[in-house]
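Have a look at the structure below, then the notes.
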Amino acid sequence: EDKVVQSPLSLVVHEGDTVTLNCSYEVTNFRSLLWYKQEKKAPTFLFMLTSSGIEKKSGRLSSILDKKELFSILNITATQTGDSAVYLCAVEVEYSGGGADGLTFGKGTHLIIQP
Amino acid sequence: NAGVTQTPKFQVLKTGQSMTLQCAQDMNHEYMSWYRQDPGMGLRLIHYSVGAGITDQGEVPNGYNVSRSTTEDFPLRLLSAAPSQTSVYFCASSPRFDSFHQPQHFGDGTRLSIL
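Dropping the structure here:
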């Protein structure tokens, strides 16, 4: 059974701090690992990682994948109150006929940034 | 370009009633899927489709039916609603075979309460 585990499940920090969110996985037919941010409504896409060791970066957010050790981290530097959200890690597997298949999600990390 | 559209946004049902949650996308994506999200949980895959006429079960398919008669639409049917199906339901879509490997895009969700 495919499994994605995120840690910590919740985290409270002060504005300006740096946070690291963790995601480990055990899946068959790995295709990609994705990070989403969820505030009140739909998850919004942050990063997709397919290759080991290559950092994806967008502003203060960055992420890296280790396919040998089966984990990924999401870093947020100089946090702001607007970063408060649930961060979801998901792994996409390869469909038996080729191409995309469903996402297996972790439970998410609930991040609260205090002013 | 509306993306992924879900209707209704909210619904209250009585136990035993049936209903259909609608999902439509205008991006010509082959892959569509339904997830449910419960408190403290990530999203769990209910059913998915890799193209018109093709559907398959995800992690939690019991009590739900789907069909895919067109590329654009992927309705989710609750045959006899149960309180355990109270949840927020998300529909998502992506290209299936895509050299740019686009991520799944989510609709805004349907909040369903079963009394």
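Heads up: the sequence lines are chains L and B, in that order. Here the numbering used here is used: the first residue of the first sequence is 135, the next is one more, and so on. Here the numbering used here is used: the first residue of the second sequence is 2, the next is one more, and so on. All C-beta atoms in this analysis are idealised placements derived from N, C-alpha and C, irrespective of residue type, glycine included.
Not a single C-beta of chain B is nearer than 8 Å to the C-beta of residue 212 of chain L. In this structure, the CA atom of residue 227 of chain L is about 5 Å from the CA atom of residue 164 of chain L.
Rounded to whole angstroms, the separation of the alpha carbons of residue 19 of chain B and residue 7 of chain B is 17 Å. At least one CB of chain L lies nearer than 8 Å to the CB of residue 43 of chain B. Taken in chain order, the members of the segment 198-227 of chain L whose beta-carbon sits within less than 7 Å of a beta-carbon on chain B are 222.
Taking 9 Å as the Cβ-Cβ cut-off, the segment 141-166 of chain L approaches chain B at 143, 165 and 166, given in chain order. Using a 10 angstroms sphere on the CB of residue 135 of chain L, the tally of other CB atoms stays under 16, which defines it as exposed. In the structure shown, residue 215 of chain L adopts helical secondary structure according to DSSP, grouped into three states. DSSP places residue 85 of chain B in the helix class (H, G or I) of the three-state scheme. Within the segment 66-85 of chain B, not one residue has a Cβ closer than 8 Å to any Cβ of chain L. Residue 161 of chain L: not part of any beta strand (DSSP E); DSSP gives it neither H nor E. Close to residue 90 of chain B, with beta-carbon spacing below 7 Å, lies no residue of chain L; the smallest spacing is near 11 Å. Taking every protein chain shown into account, the CB of residue 214 of chain L has fewer than 16 other CB atoms within 10 angstroms, so this residue is exposed.
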